[in-house]
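If you're matching positions, the sequence shown starts at 133 in our numbering and goes up one per residue. Glycine included, C-beta positions come from ideal geometry on N, C-alpha and C. What follows is a short report on a single structure.
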Amino acid sequence: MSDWIDAFYADVEGMRLHETLDHFAPDEELVFANNPPAIGHAAISELLTGFWSAIAGMRHDWRHRWTVDEGTSVLEARVHYTTPGGAEVVVPCVTIIDRGPSGLINSLRLHLDAAPVFAAIGAESNAPREVAR
Numbered sequence: 133m134s135d136w137i138d139a140f141y142a143d144v145e146g147m148r149l150h151e152t153l154d155h156f157a158p159d160e161e162l163v164f165a166n167n168p169p170a171i172g173h174a175a176i177s178e179l180l181t182g183f184w185s186a187i188a189g190m191r192h193d194w195r196h197r198w199t200v201d202e203g204t205s206v207l208e209a210r211v212h213y214t215t216p217g218g219a220e221v222v223v224p225c226v227t228i229i230d231r232g233p234s235g236l237i238n239s240l241r242l243h244l245d246a247a248p249v250f251a252a253i254g255a256e257s258n259a260p261r262e263v264a265r
């Protein structure tokens, strides 16, 4: 299970959309924070594209990984998001992943508060800019 998680999150952290979607079953569900569920590749693609376009990068600092059964894992991490301006915002996160017999994700639920990330991005965009002389 650990190798699969590492491969999946390498694609996520690399913000490689097509490779990330390849880990999902066709009728899968992704719930990100307090957003409504994104169901299916098109909806998940839209959600990830929108979020990834707002940040410059991310990495996961794993705290715990629990295997509940053959298809279910619970992951605890501190996610380090990098804003377009270069600030790092660290957010605690718990993720629940359910995989089907094919090994593809049927359901992925990320429980985190993304507000600090968006607040940092907003502060950067509202900061006064120096005018070149």
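Every alpha helix (DSSP H) stretch that sits fully inside the segment 140 to 197 and reaches 4 residues is listed by chain position as 149 to 153, 173 to 186. Ranked by Cα distance from E145, the first of L236, W194, I228 is W194. Taking the CA atoms as reference points, T227 sits about 12 Å from Y141. Our two residues, E202 and E256, have alpha carbons roughly 43 Å apart in a direct line.
The beta carbon of R210 sits closer than 8 Å to the beta carbons of H192, D193, R195, V222, V223, P224, C225 from its chain, once the five residues preceding and following it are set aside; these are given in chain order.
Distance from the CA atom of E161 to the CA atom of G217, rounded to whole angstroms, is 31 Å.
Each residue's CA atom was taken as its position, placing G182 and L240 some 17 Å apart. In the structure shown, D135 falls within a helical segment according to DSSP collapsed to helix, strand and coil.
In the displayed model, S239 falls within a strand according to three-state DSSP. Restricting attention to H243, A246, N258, S234, the CA atom closest to the CA of H155 is found in S234. Per DSSP, E220 is one residue of the beta strand (DSSP E) stretching across 220 to 231.
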